[in-house]
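Below is one structure, written out as structure tokens; the observations come after it.
Numbering (full-length UniProt numbering), first residue to last: 1 to 443.
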């Protein structure tokens with residue numbers, strides 16, 4: 001923290017100090033690697049991920065074996081396995097636990113949707129989900145043993161309790177654990193392995209984030225951006241590199257803590273809650289289950305339907321409200337962030353989910369009719385909604401009129417769908433008939 005970060009050169013978040021050029025060059029190198037790896041989309045990044053996603057496991061196992069063989073490791077493991085029930089009353093603990101799951105699984109960031117779009121239509125996503133969630137849980141537990149065994153050794157060497165050694169937040173990975181590495185025999189070797197593991201994990205996550213941004217924007221404007229995808233990716237990487245320069249200053253750690261506390265917490269939970277509600281309430285659980293049945297050959301059981309409709313959104317909503325009521329300001333060690341920094345952090349969290357209401361307003365304004373008719377039309381699938389490949393369009397997606405979900409003609413807007421206004425059946429009536437037919441077939 002003193003040599004690499006040179007944090008003593010800054011008095012706080014309002015005093016960034018000078019740019020640490022060694023960190024700036026590392027940031028530039030990282031973004032250059034990211035750009036080269038995503039240059040050809042998933043064709044290039046997918047090959048690199050084979051290494052960046054698997055090699056950290058080898059390093060983790062090596063760190064785990066070395067950690068548990070250290071003197072005093074059991075003290076750290078005991079601290080790791082001993083629950084502190086009084087912390088369950090803190091909203092920050094629950095929020096951090098939820099965010100840990102979101103971060104480790106990638107839920108709510110868009111990366112899962114982006115990469116899933118490259119799967120075959122009948123990919124067994126049910127099996128993949130089980131493997132990924134189980135692997136994530138096992139990895140988190142093993143990482144805890146690897147970290148706290150070394151912290152136990154460090155606490156014994158320093159003669160202090162483990163709770164005084166362990167720190168929450170970025171300080172654990174970038175300050176405390178590296179300091180523990182310096183106390184080991186062959187410390188340069190173990191330090192290199194640890195930071196190389198962090199590098200590969202960071203690059204792996206950044207590939208997903210960048211691919212999500214590039215794919216989302218190019219799919220929205222395919223005529224302009226798809227032929228120039230490489231140039232567009234370069235522009236995004238350069239812009240994000242420039243935005244990250246504040247983190248390479250002497251006060252960059254303060255900005256990192258602020259971003260870590262606010263950039264994804266509130267916004268991410270709002271996105272996840274909205275996704276559950278929109279899919280189950282607006283799009284409809286029946287349609288969603290029907291789509292899954294068409295892809296996998298079976299419908300989701302009652303447990304999954306209950307999670308999507310009630311348990312997940314209710315739990316996230318309760319955590320969100322509890323976190324707002326029990327709000328705790330950010331801090332880094334003994335440093336307390338000023339009020340303007342807290343306000344800036346809150347604005348970052350709000351802006352990250354601002355596109356949801358903006359998108360809703362734009363969708364309603366693009367429709368025609370009264371306000372209620374616009375809301376109804378905007379809340380229904382487009383006439384061409386369905387599998388992108390014609391061979392996968394089965395059942396209700398076999399429609400002929402602009403990919404309509406019904407073989408009957410629809411009264412649709414000529415501007416948006418090219419429909420004919422003299423048709424008698426409205427989209428709403430067809431949806432009702434479709435649901436009634438589905439209920440009869442299920443009976």
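Beta carbons: idealized from backbone N, C-alpha and C, even for Gly.
Taking Cβ to Cβ, would you say residue i is nearer than 9 Å to residue j?
i, j, result
"residue 16", "residue 255", "yes"
"residue 153", "residue 197", "no"
"residue 207", "residue 52", "yes"
"residue 13", "residue 329", "no"
"residue 148", "residue 80", "yes"
"residue 72", "residue 145", "no"
"residue 211", "residue 346", "no"
"residue 265", "residue 99", "yes"
"residue 33", "residue 203", "yes"
"residue 107", "residue 279", "no"
"residue 150", "residue 70", "yes"
"residue 353", "residue 235", "no"
"residue 31", "residue 237", "yes"
"residue 299", "residue 90", "no"
"residue 374", "residue 364", "yes"
"residue 162", "residue 290", "no"
"residue 36", "residue 241", "no"
"residue 506", "residue 351", "Residue numbering for the chain in the displayed model covers 1 to 443; residue 506 lies beyond these limits and cannot be assessed."
"residue 209", "residue 218", "no"
"residue 309", "residue 287", "no"
Where residue i and residue j are concerned, what is the direct C-alpha to C-alpha distance, given to the nearest angstrom?
i, j, result
"residue 262", "residue 349", "6 Å"
"residue 101", "residue 10", "33 Å"
"residue 47", "residue 201", "15 Å"
"residue 122", "residue 356", "30 Å"
"residue 188", "residue 26", "19 Å"
"residue 134", "residue 109", "20 Å"
"residue 383", "residue 78", "59 Å"
"residue 380", "residue 362", "14 Å"
"residue 160", "residue 40", "51 Å"
"residue 195", "residue 58", "13 Å"
"residue 97", "residue 316", "12 Å"
"residue 74", "residue 391", "58 Å"
"residue 45", "residue 213", "14 Å"
"residue 65", "residue 190", "12 Å"
"residue 284", "residue 49", "35 Å"
"residue 186", "residue 22", "25 Å"
"residue 274", "residue 372", "21 Å"
So, is residue i buried or exposed, given that buried needs 16 or more other C-beta atoms within 10 angstroms?
i, result
"residue 302", "exposed"
"residue 332", "buried"
"residue 377", "buried"
"residue 43", "exposed"
"residue 20", "buried"
"residue 318", "exposed"
"residue 370", "exposed"
"residue 230", "exposed"
"residue 82", "exposed"
"residue 323", "buried"
"residue 165", "buried"
"residue 321", "exposed"
Check the DSSP bridge columns for residue i and list the partner residues they point to.
i, result
"residue 12", "15"
"residue 335", "332"
"residue 249", "19"
Any chance the CB of residue i is under 8 Å from a heavy atom of the ligand PLP?
i, result
"residue 194", "This structure does not include the ligand PLP; it has no bound ligands of any sort."
Less than 8 Å between C-beta atoms, sequence neighbours within five positions excluded: which residues of the same chain meet that for residue i?
i, result
"residue 296", "122, 124, 125, 126"
"residue 277", "313"
"residue 60", "139, 142, 143, 146, 197"
"residue 216", "110, 114"
"residue 24", "245, 248"
"residue 156", "71, 72, 75"
Identify, in the order they occur along the chain, each residue of the same chain with its Cβ nearer than 6 Å to the Cβ of residue i, setting aside the five sequence neighbours on each side.
i, result
"residue 293", "299"
"residue 112", "106"
Note down, in chain order, each residue of its chain lying with its Cβ closer than 7 Å to the Cβ of residue i, except the 5 sequence neighbours on either side.
i, result
"residue 87", "93"
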